[in-house]
Each structure stands twice: as structure tokens, then as C-alpha cells.
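K.L.:
Note that the protein sequences, when read in sequence, are chains A and B.
The numbers in the first sequence follow my numbering, run straight up by one, and end at 238.
The numbers in the second sequence follow my numbering, run straight up by one, and end at 290.
Okay, here's the structure, questions in a sec.
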Amino acid sequence: MIQFTKVSKTYDTGTDALHNVTLKIDKGEFVFVVGHSGAGKSTLIKLLLREIAPTKGIVKVNGYNLSTMKRRQIPGFRRTIGVVFQDFRLIPTMTVFENVAFALQVTGVSSKYIRRRVPYILDLLGLAGKARCYPQEISGGEQQRVALARALVNNPSLIIADEPTGNIDPELSYEIVDLLNEINKCGTTVVMVTHAQELVEQFDHRVIMLEKGRVVADYPAGGGY
Amino acid sequence: MTLSSFGYLLKEGGRNIKANRQMSVASIGVLVACMLLIGAAVLFSMNVNSIMGYIEAMNEMVVFVQDDADQATIDALGQSLKSDRNISSVTYTSKEDALKEQMNIMEDAADLLEGLQGDENPLPASYSIQLKDLELLDETVARINNMPGVNYAVAPTDVAATLVDVKKGVSTAGFLIVAILGMVSVIIVSNTIKVTVFNRRKEISIMKYVGATDTFIRIPFLVEGMIIGLVSALLAFGLLWAGYDYVLRWLGETGSSWLQMAYANLIPFDSIGLRLLGGFTAAGVSFGVLGSLFFLGRYLKV
């Protein structure tokens, strides 16, 4: 599913963000990626989304080789993954429904399917009553659930969550991770980057620890993190 | 791309205009202002040119025929003048006509000329001609002087030179004003587009994250640019029409004979309106389209 082989990333500014990272995440896994600021978590996410290409090494995600990928292949690749950000990244001029529908529109499916699929996903995430609201009219927790709905609506085999609980109340944070947990139980691979130690401890999943651009620890699920 | 997503993208373009109301209104305002300025400058210089053309046309020159020329030579001269490339009209005045004209002018003293009829008539026959292009006056006069039967040609060389200078000045000034306004408009409009795109860079990057292709992101912007360009063109056209009409009416009602003369030679809006509308529409739409193609590029590299 995800395979990093001796991946290094040095930015144009000279920052050595990732150094010789090798790791493998299998289909159906739930993985927390932890580490201090500057440990290389953001770079890891950017590599996974093919926002940037590695300086050295090979990144493979969902069967795509991101190191050799052409620019025009990127949209197709991104449709196979769902992504959730710390700042939600909802489009403020679109309603909740439109924000979720948008991710389907780009794939070119029929509007009939969209009209069926979007309410189903919104309902699943407890957002049925908010379809006509604009993002700024609902709470942070709800906004993140909308973002999650958008990530899920395409039925991706991989969900990438970049600090999804960073901007919401602690009690709602648990709810979000629990949702990811449920999604994972249905077979979707989840990679979640987080600062929130207590959340990592509450869920028994594999934990990869980054420090100064290297993998310094990799605790398997139930492996004593 | 399927038909349904194309329809969606068209709708998106329209929705974006509404969703970004303030920016849309600002863009339309800027475009309309630029088009009005340019349109007014074009109309002004076209009209000045038309008036100058009228003044030019009034400028006659006279070719006096040699007194001893026989009728065949006179007719041949008339033909040569008519076929000259720079002469637009030729009117013949015979010796007798010239005398009658003179007698009309003198009115009461006409009797004095009574005795000069027939062979005694001292007045020469002449051709009054109007030139197509005053700028070529000198070479035309030279050509006429070489024609058989010509005594001499009287040309208002100084007046012609002044007129030619004024006309050239007006054309150059008009062209310069339109060119400068055009350049300023390009800068203002492209900045407006840049701001619009910049304001929505986040939206664009989100679209990229969910797997939208560049084309998918561009089309709504394109549609938006086209609609804004079109609306601006129509607005500018309407305003210019109303303004022009108002000025024409004012000139028509004014008492000054100078202005009346000018009024008679103004170009009616109907005869240039369509061209103006076409120009506005083309400019507006191509700005919208090129702007969204050009300035969107850098934000698509996510």
C-alpha cells in the first residue's frame, strides 16, 4: 500500500527534511505518525500526496510510483486517496453538500450518483441536517467531519489525516479519531499524523516515530507505545 | 470529460461570480471604466477626423484654362482632370458662366460688364476641382500644370498645409491616447485578475488535493472571465451610447453655427456602434479568458 525505500528529501533551501527513510504500511493498517515539530511529518505527508517529489529514493502509494510520476498522472492518483487537514480546508463559498459533492464531480461521475452518494456519506457522519449550511456556520468538529466526508466520498483505499484534531476541542478529537477507527475497520488504510499523545495512547495502533528526519521507532499495534 | 461535468463546470463559473460578488463587481467596474475611456477616445478622434474631412472637402482649387484653347482641348482637359487619381470632383465654368457669375456679384453695376459679352469677355474659362487627399496637393498641382490647355492652377497651399498638419496631429494624438489608455487598462485589468485568482488560491489548492485536473479548475474561471467580460462590454456599450446620444442632442440644439457645422459631420452612433460593441466584447472576453489561463498557472502547481 505505502512503501518508502531509502527516501531522502532536501529542500531547495538546504533543509534536510527526511533522511534515508524506509518504511512499509500494509493494506488495512491504522498507523499513527508522531514526532516533534521539524521531525519531518509534514514532509512525509507532502510526499504521500505527491505535492513534492523525493530528492532520493522511491515512494510507492496505491501502486503508483510517485518518484517517477508525470504531472498529468497526479489527479488520477489523488482520487485514490482521501485526505484530511488540520485546518479542514473546506471551500467557504460552497455549502456542506457542495464541498463533499465537489470531490465526486472531479471524477466525472453522473450527477444522479452524486445526488445519492453525498447524502448517504453525510448521513453516515451525522451531518444530514447540515447539508445546506456553509462551513463558517458550523462548529470546528462538524467542519472536520465534512472534510472527512469529502475524503471518504470517493471510496478511497487510503486515508491520510494530517493533524486532524489539531484545531478542535479535545472531547471532539476523540470522536474524530474514533470515526477514522471505524473507517479503518471497514478495510481502509489510515495514516494519521498527530501531536496528541493521549489520543495515540487511547487507540491501540501501530506508531511510527520520526525525529530529525529519521524513523527512530516503529511500535507495532499492541507493541507497548 | 463527460457532458454532465461540463454542464457542472459552466454552472460553477456562474456560481463563482455570485459567490465572489465583491470581486466580480470590482472587476466589472474596472473593465467598464477602461472601455468607456477608450471608447470615448476612439469616438472623439473619429469625429474630429470626420469634421476635418469635411473641411478638407470644402477646400477647392481652380484651374484656369488658356484663353486661346479650342473647345476640343477644353473637353480633353476636363477628361484628364476627371481621370486624375487625386481629384474627386470637377466642375466646369465657361467664359460666359464666369461673366454671368461676376455680373451677379456686382448686381447694380452689372451694366458695366454688359459690353464685355462675346469675344470681348476677359474672364477665362475654368475648372473647379476638389481633391481627395490634400497631402498630395503639390504633386497634383504639378501634374495639372503639365496638362495641355492649362493656363495656371490656383491652390490654397498654405491652408492645405495647415489642414494636413492639424489632421495628422489629431490622428497621432488620438492614436497615442487610445494606445496609452489601452496599456493602462491592460495593467489594471491584469492586476484585478491576479487579485481574484490570489484570493482563491486556497480554493484552487483544495481542488487539486481532491484530484481535480488543471482543466477542471480552469473552466469555471474561464466561464467566469467570459461572463464578466461580456457583461462589462454590454454595460460600457450602453453607457457610451447614452452619453454619445446626449452630446449629439446637445450639439444639435445649440445655436452656434460653428457647432452646427460640426454637428452635421458627426458620425451617427449606429454606424460605429456595432464595431464598438464587437471590439468591447472581443476585448472583454479575451481578457477574461487569457487572464484566467495566464494567472492561474502558478497556483495549479500543487
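Ideal placement from N, C-alpha and C gives every residue a C-beta, glycine not left out.
What you are looking at is a predicted structure, and each value in this text was computed from that prediction instead of being measured.
Would you decide whether Ser173 of chain B is buried or exposed? Buried here means 16 or more other CB atoms lie within 10 Å of its CB.
P.N.:
With 16 or more other Cβ atoms within 10 Å, it is buried.
K.L.:
With DSSP as the reference, label Val273 of chain B as helix, strand or coil.
P.N.:
Helix, per DSSP.
K.L.:
So within the region 231 to 274 of chain B, which uninterrupted alpha helix (DSSP H) runs reach at least 4 residues, ignoring any that extend past its ends?
P.N.:
With a minimum length of 4 residues, the continuous alpha helix (DSSP H) runs that stay inside the region 231 to 274 of chain B are 245 to 252.
K.L.:
Does any CB atom of chain B fall closer than 8 angstroms to the CB of Arg128 of chain A?
P.N.:
No, because no Cβ of chain B sits closer than 8 angstroms to the Cβ of Arg128 of chain A.
K.L.:
Per DSSP, which one or two residues make a beta bridge with Tyr115 of chain B?
P.N.:
Its beta-bridge partners are B:Val51 and B:Tyr80.
K.L.:
So, under 8 angstroms CB-CB, Tyr147 of chain A and Thr108 of chain A are touching, yes? Tell me the CB distance rounded to an integer number of Å.
P.N.:
The pair is a contact, with the Cβ atoms about 6 angstroms apart (cut-off 8 angstroms).
K.L.:
Counting only Cβ-Cβ distances shorter than 9 angstroms, please list the residues of the region 0 to 21 of chain B near chain A, keeping chain order.
P.N.:
Within the region 0 to 21 of chain B, the residues whose Cβ lies closer than 9 angstroms to some Cβ of chain A are Glu0, Arg3, Asn4, Lys6, Ala7 and Asn8, listed in chain order.
K.L.:
Tell me which residue opens and which closes the alpha helix (DSSP H) that Asp63 of chain B is part of.
P.N.:
Start and end: Gln59 to Ser71.
K.L.:
Helix or strand or just coil, what does DSSP make of Phe115 of chain A?
P.N.:
Helix.
K.L.:
DSSP three-state label for Tyr24 of chain A, please.
P.N.:
In this structure, Tyr24 of chain A counts as coil in the three-state DSSP scheme.
K.L.:
What residues of chain B sit near Phe110 of chain A, judged by a beta carbon separation below 8 angstroms?
P.N.:
Here the premise fails: no neighbours, minimum Cβ distance about 13 angstroms.
K.L.:
In terms of residue numbering, what span does the alpha helix (DSSP H) encompassing Asn194 of chain A cover?
P.N.:
Residues Pro183 to Lys198.
K.L.:
For Ile194 of chain B, return the contacting residues in chain A, with the cut-off set at a CB-CB distance below 7 angstroms.
P.N.:
By Cβ distance, chain A contributes Arg102 and Ile104.
K.L.:
Would you call the CB atoms of Ala141 of chain B and Val78 of chain B closer than 8 angstroms?
P.N.:
Not in contact: Ala141 of chain B and Val78 of chain B (Cβ atoms no closer than 8 angstroms).
K.L.:
With a threshold of 8 angstroms on Cβ separation, who are the neighbours of Val213 of chain A within its own chain once the five nearest residues in sequence on each side are excluded?
P.N.:
Contacts found: Phe45, Val47, Thr207, Val220 and Tyr238.
K.L.:
Following the continuous beta strand (DSSP E) through Leu171 of chain A, name the residue where it begins and the one where it ends.
P.N.:
That run of the beta strand (DSSP E) goes Leu171 to Asp175.
K.L.:
In terms of alpha-carbon separation, which member of B:Tyr(-4), B:Ile181, B:Gly267 and B:Asn4 lies closest to Pro105 of chain A?
P.N.:
Cα-wise, what sits closest to Pro105 of chain A is B:Asn4.
K.L.:
Does chain B have any CB closer than 8 angstroms to the CB of Gly70 of chain A?
P.N.:
Output row for Gly70 of chain A: interface = no.
K.L.:
For the region 111 to 125 of chain A, list every residue whose C-beta sits within 8 angstroms of some C-beta in chain B, in sequence order.
P.N.:
Under the 8 angstroms Cβ criterion, the region 111 to 125 of chain A contributes Phe115, Ala116, Gln118, Val119, Thr120, Gly121, Ser123 and Ser124.
K.L.:
How should Ala148 of chain B be labelled, buried or exposed, when 16 other C-beta atoms within 10 angstroms of its C-beta is the threshold for buried?
P.N.:
By the 10 Å Cβ count, Ala148 of chain B comes out buried.
K.L.:
Would you kindly check if the distance between the Cβ of Met14 of chain A and the Cβ of Lys54 of chain A is under 8 angstroms?
P.N.:
Not a contact, by the Cβ cut-off of 8 angstroms.
K.L.:
When DSSP labels each residue in this structure, what does Arg129 of chain A get in the three-state scheme?
P.N.:
If DSSP states are grouped into helix, strand and coil, Arg129 of chain A belongs with the helices.
K.L.:
Just list the beta strand (DSSP E) runs in the region 113 to 174 of chain B, keeping only unbroken ones of 3 residues or longer that don't cross its boundaries, in chain order.
P.N.:
Fully enclosed beta strand (DSSP E) runs of 3 or longer: 114 to 119 and 138 to 142.
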